[in-house]
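**Student:** Protein chains in written order, with the working numbering: chain E, 6 to 507; chain H, 6 to 507.
In this text, a Cβ means the ideal position worked out from N, Cα and C, and glycines have one as well.
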């Protein structure tokens, strides 16, 4: 076994380390279809955990799920000018509806469609067309619908989970009678995303408003949650858009108000995607591979039976089954503890490292010697891979929920400390330039978060562009202290977060 | 209120009745995208229930979920000759990956793809291409993967849930070392489908082998479950395919066997879709609308508070909340009873009929008079809409699981009796002709199931074609008694089921 299970290390080559972690944890693979990934069973199980938690949070706040068509007629997309402009360069277009043998025997597309269909890059235009039919009066409002779906945005430089031509996501689309209600919804969802990122993914995030250049195409205002990865780049982990009446006007979503007039609805949309798996990987994993926060770990405890003879094997397996059963009786954060037993007949070292690389929070070895001492050997994934603790079986079982909680909160704290250590308040463009140019941070490592006063002005983007830095957001929970834009000298009400971004 | 909530009735016009039930229950709608449906929140909640039950059954039998690309390169589809032939006429083809303004200002598809991509009609060819990489040795087998996904099969005559261009489904794809194991898997899944249909959907089904003309394109053998709808037509409710080595040879899915040789895998695939929602509607619903089996009803009990004054309202609501809480403490088939309270401020009659039409199994009215008598008024959806039962609150709460069980099994028995009453053993083509020509069954009503000896021969299909009748399957659980084909005179080992089909 090498010093580290993953080669190269983060320090040696961060982008390549990421690919190797994904591979070693068996989460996903590239596919023969350009830009599309295959989410393998372990990666998909993580996604299912994320879906379950978010779906519950949406339903508890009055949202319901539905399903809308994969295809959007081209003419629908064109209804909102900025929207279509934003997505035109990355649309998969269906133009034919059958295949027939051509003169040379090969199959060619035939049955040309009268109107091309776009594979949804997002569903505002198809969902809105239904809302226009469903909404008649203020009594029909609000509409609070979410959809779990696949979407396609053609990507020239795909990267598994972070940027793929097809990805899975949820997209919420709501319609309201007033602007206030729609803004309240937008922020309510932003809070759900923040809580989910921090409490479940253990990923600390900054909530904020996007500068106009980074807004969702067609939105009035976009809020996002931004996280710092271990290469100190920012990753936009979720967005919540206040669409104002832009889309309702483009699509004629009108209602008779309580006072008798006819008004356009106020709409919102919001989403998070399989990109979050990338965020989790890059926030917590180390040079031995994936580290999963217990809340989203498909298996929270893996038990490895150790035996040297057939006779030992039977005794040990029986003990493992018994302990697994007792662990499953324990509850953590309202759910039974998830336990698996890996009794496969492969070398112990190989097996151990597989679970290390797959990020299982707790690894428990049980052999004849442990059983004789009525104890188990426990390894925590948030500590070194050889960092063994011998615990009495009973104490381990009754304390397992506490340990999972400790790992979960520990990961969040560690990530938060890392972000704080790499966040700096800066007062001039020269300082910003120096901050992001630091040469000694390792291949693919980048400055950090810079807290800087900048105006929402094209001149700022132009000044930052050579540095490959963007304004990530204006934090809504940050300080309110006014200042002066380091580029234009305009007065600003509060500082922004600048970073290199995914 | 009319005599029946749905017009026309089943007897008057069955196909139109179906559309009206879907509409009145607010399950789904056609969309502006040709052939694609919108699954509305109530319909999607039913689908989520179905997904939950099936997903658990798959996982309990060792299957895991994963996700594969939406697109299949054309050349992949061509690898299995019969497979591509089967799907070529209904393929949505992506040919371009961006939109640009044409000379007249309108958007036109540009960025032509080197190779067209097919929107998956089913995923054998893309999943198999990954299995070819993943399988090296017999130690890598079996692979037992399921995928929940959307698929597209271009439909010229769409019908909501039953036949739509895009639909949602699950598709299992497994690879095995031996033929025996693959056949065992195929039949294990068929049993899961049968149990799900009968125990959860209350839809009685016949398990059987498809005649060769009805086989999945490229399969060695296709098994299906077939159900009788109330118009006496057959609906194929799920299929499980033994693919032999046809696909593994086309895709080079090979493994080093335990004995050292190189062999092709034996594969299977199997699926059920949102079509099952159509099966449930057409099996149980009546002339008042949808009837949902409690197992898949999003809400099993709806409580309707009745009050005439503000003062009454508060007292009644408090009682409703308390009773709802007590009902949620009850468990039926391992899950807490699902209860909702409809306190909307709309006319009582309208509200009542909404729940009747939406198929809620139990409707409970609670007003001041009920509370004074410490009782509730209970209406069962499997009985007449005015069929009221006054029950002591305590008795109703403690007995609710028993009543749900009674409704669930009652629906299955009723459907089974209907099928038996409309199934006939026939001995000649003349009898078959007469059976399916019966003129007095109402518009859109069709003969039934005919149990007939027929050979698996094109002559049979040709003889049945003018009657619009097909061989649905050769039942595997039916009698073994040999006979003679009514068309060709060939010897047959067991009779088949003939019907008009969806």
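Any contact between the region 49-63 of chain H and the region 260-273 of chain H? By contact I mean 3 or more CB pairs, one from each, below 8 Å.
**Tutor:** With a cut-off of 8 Å, the region 260-273 of chain H and the region 49-63 of chain H do not count as touching, because too few Cβ pairs lie within range.
**Student:** Quick check on the burial criterion: 16 or more other C-beta atoms within 10 angstroms. Buried or exposed for residue 117 of chain E?
**Tutor:** The residue is exposed, with fewer than 16 neighbouring Cβ atoms inside 10 Å.
**Student:** When you compare the CB of residue 502 of chain E with every CB in chain H, is at least one pair closer than 8 Å?
**Tutor:** No, no contact with chain H.
**Student:** With 16 other CB atoms within 10 Å as the buried threshold, where does residue 516 of chain E fall?
**Tutor:** Residue 516 of chain E cannot be examined here, being either before or after the span of chain E that is shown, 6 to 507.
**Student:** When you check each C-beta in the region 142-160 of chain E against every C-beta of chain H, which residues fall closer than 8 Å?
**Tutor:** The residues in question are 150, 154, 155, 157 and 159.
**Student:** Could you tell me the alpha carbon to alpha carbon distance between residue 489 of chain H and residue 458 of chain H, rounded to whole angstroms?
**Tutor:** Answer to the nearest angstrom: the Cα atoms are 6 Å apart.
**Student:** What does the Cβ neighbour count give for residue 368 of chain E, buried or exposed, with the cut at 16 atoms within 10 Å?
**Tutor:** Per the 10 Å Cβ criterion, buried.
**Student:** Can you say whether residue 128 of chain H is buried or exposed, counting buried as having 16 or more other CB atoms within 10 angstroms of its CB?
**Tutor:** Residue 128 of chain H is buried by the Cβ-count criterion.
**Student:** How about residue 38 of chain E and residue 135 of chain H: do their beta carbons lie closer than 8 Å?
**Tutor:** No, the pair does not count as a contact, with Cβ atoms beyond the cut-off.
**Student:** Taking C-beta pairs closer than 7 Å, name the residues in chain H that residue 345 of chain E reaches, listed in chain order.
**Tutor:** Going along chain H, no residue has its Cβ under 7 Å from residue 345 of chain E, so there is no contact; the nearest lies around 12 Å.
**Student:** Under three-state DSSP, which class holds residue 14 of chain H?
**Tutor:** Coil, per DSSP.
**Student:** From residue 96 of chain E to residue 119 of chain E, what distance separates their C-alpha atoms?
**Tutor:** Answer to the nearest angstrom: the Cα atoms are 18 Å apart.
**Student:** Nearest by alpha-carbon distance to residue 438 of chain E: which of E:106, E:491, E:386 and E:483 is it?
**Tutor:** Closest option to residue 438 of chain E, Cα to Cα, is E:491.
**Student:** Under 8 Å, do residue 304 of chain E and residue 344 of chain E count as touching if we go by C-beta distance?
**Tutor:** Yes, these two residues count as a Cβ contact at 8 Å.
**Student:** Where do the N-terminal and C-terminal ends of the alpha helix (DSSP H) with residue 325 of chain H fall, by residue?
**Tutor:** From DSSP, the alpha helix (DSSP H) with residue 325 of chain H extends over 315-334.
**Student:** CB-CB under 8 Å to residue 4 of chain E, same chain, minus the five flanking residues each way: which ones, in chain order?
**Tutor:** Lying outside 6 to 507, the shown extent of chain E, residue 4 of chain E is not represented and no answer is given.
**Student:** Using 10 angstroms around the beta-carbon of residue 3 of chain H, count the other beta-carbons present and answer buried if the total reaches 16, otherwise exposed.
**Tutor:** Look at the range of chain H in this structure, 6 to 507, and you will see that residue 3 of chain H is not part of it.
**Student:** Does any residue of chain E bring its CB to less than 8 Å from the CB of residue 360 of chain H?
**Tutor:** No, no contact with chain E.
**Student:** Cβ atoms of residue 214 of chain E and residue 35 of chain E: under 8 Å apart, would you say?
**Tutor:** Contact flag unset, no.
**Student:** If you check the beta carbons only, do residue 194 of chain E and residue 275 of chain E fall under 8 Å apart?
**Tutor:** In this structure, residue 275 of chain E lies closer than 8 Å to residue 194 of chain E by Cβ.
**Student:** Are there 16 or more other CB atoms within 10 angstroms of the CB of residue 177 of chain H, so buried, or fewer, so exposed?
**Tutor:** Label assigned to residue 177 of chain H: buried.
**Student:** Which chain E residues are close to residue 69 of chain H, counting only those with a beta carbon under 8 Å from its beta carbon?
**Tutor:** Chain E residues near residue 69 of chain H: 46, 49 and 50.
**Student:** Going straight from the alpha carbon of residue 237 of chain E to that of residue 19 of chain E, what length do you get?
**Tutor:** Near 11 Å, if we compare the C-alpha coordinates of residue 19 of chain E and residue 237 of chain E.
**Student:** Got a sec: is the Cβ-Cβ distance from residue 487 of chain H to anything in chain E below 8 Å?
**Tutor:** No, residue 487 of chain H lies away from the interface with chain E (no Cβ there is under 8 Å from its Cβ).
**Student:** Between the beta-carbon of residue 206 of chain E and the beta-carbon of residue 298 of chain E, is there less than 8 Å?
**Tutor:** A contact, by the Cβ cut-off of 8 Å.
**Student:** For a contact meaning CB atoms closer than 8 Å, what does residue 135 of chain H contact in chain E?
**Tutor:** Within 8 Å Cβ-Cβ: 34, 36 and 43.
**Student:** Let me know the secondary structure DSSP gives residue 399 of chain E once reduced to three states.
**Tutor:** Correct three-state label for residue 399 of chain E: helix.
**Student:** Taking the C-alpha atoms as reference points, what is the distance between residue 421 of chain H and residue 412 of chain E?
**Tutor:** Residue 421 of chain H and residue 412 of chain E: Cα-Cα distance of roughly 54 Å.
**Student:** Tell whether a beta-carbon distance below 8 Å holds between residue 260 of chain H and residue 244 of chain H.
**Tutor:** No, these two residues do not count as a Cβ contact at 8 Å.
**Student:** Any beta carbon of chain H sitting closer than 8 Å to that of residue 191 of chain E?
**Tutor:** With 8 Å as the cut-off, residue 191 of chain E does not count as an interface residue toward chain H.
**Student:** Identify, in the order they occur along the chain, each residue of the same chain with its Cβ nearer than 6 Å to the Cβ of residue 362 of chain E, setting aside the five sequence neighbours on each side.
**Tutor:** Taken in chain order, the residues that qualify are 10, 29, 30 and 294.
**Student:** Kindly identify the DSSP beta-bridge partner or partners of residue 310 of chain E.
**Tutor:** Residue 310 of chain E pairs with E:371.
**Student:** According to DSSP, simplified to helix, strand and coil, what is residue 4 of chain H?
**Tutor:** Coverage of chain H is limited to positions 6 through 507, which leaves residue 4 of chain H absent and any answer about it impossible.
**Student:** Would DSSP call residue 6 of chain H helix, strand or coil?
**Tutor:** Because residue 6 of chain H carries a pLDDT of 49, less than 50, the predicted location of this residue cannot be relied on, and the following value inherits that uncertainty. Coil.
**Student:** Is any heavy atom in the ligand COA found nearer than 7 Å to the beta carbon of residue 442 of chain H?
**Tutor:** The ligand COA is not part of the structure shown, which contains no ligands of any sort.
**Student:** Could you name the residues that DSSP lists as bridge partners for residue 478 of chain E?
**Tutor:** Paired residue(s): E:502.
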